[in-house]
Amino acid sequence: LRQAIGAERSAREQASAGTMASVEARWDDLMREKAAMRSDYKGVVQEVQSMRSSMAQDKHERDTMASDLRRQVGEATRAVTAERRLRETKDGETRQQMDDMLQRVTASTKIREDAERRLDDQVTRVQ
368 LRQAIGAERS
378 AREQASAGTM
388 ASVEARWDDL
398 MREKAAMRSD
408 YKGVVQEVQS
418 MRSSMAQDKH
428 ERDTMASDLR
438 RQVGEATRAV
448 TAERRLRETK
458 DGETRQQMDD
468 MLQRVTASTK
478 IREDAERRLD
488 DQVTRVQ
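Quick note: the sequence shown uses the working numbering, first residue 368, plus one each step.
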């Protein structure tokens, strides 16, 4: 009976030791998985931070380009407006010059006509 009890006790201790070894092995596996997951998580965090930085850089470049385009459009608008005003001014000056020339021609024609009339009057008186 003592031998049977000893054998049973020995069998239980071996089974307990086997279970304990199995639990320890599973624990070690879980710790390795945890370390791998933590490493993966850190890699994902770094990748997200890199993407955020890249997106911020892209946004800055887009904002800079938009600002440059707005400035260029403003400059072009001012240039077109200035050119139109210059053309209008030149047109106005040309019109004024033509009006002045027309007045001079009209005045000289009137003077010539008056001179011809006086000459005709003198010729008529002489006859």
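Glycine included, each C-beta is placed from N, C-alpha and C at the ideal position.
Three-state secondary structure assigned by DSSP to Leu368:
Position 1 of the sequence shown, counting from 1, holds the residue named residue 368. In the structure shown, Leu368 sits in coil (DSSP, three-state: anything other than H, G, I, E or B).
Sorted by chain position, which residues of the same chain lie with C-beta nearer than 7 Å to Glu414's C-beta, five sequence neighbours on each side aside?
Counted from its first residue, the sequence shown places residue 414 at position 47. For Glu414, where only same-chain residues beyond five positions count, there are no Cβ hits under 7 Å.
Where Asp488 and Val472 are concerned, what is the direct C-alpha to C-alpha distance, given to the nearest angstrom?
Translated into positions along the sequence shown, residue 488 becomes position 121. Translated into positions along the sequence shown, residue 472 becomes position 105. Roughly 24 Å between the two C-alpha positions.
Tell me whether Gln494 sits in a helix, a strand or coil according to DSSP, three-state version.
In the sequence shown, residue 494 corresponds to position 127, counting from 1. Coil, per DSSP.
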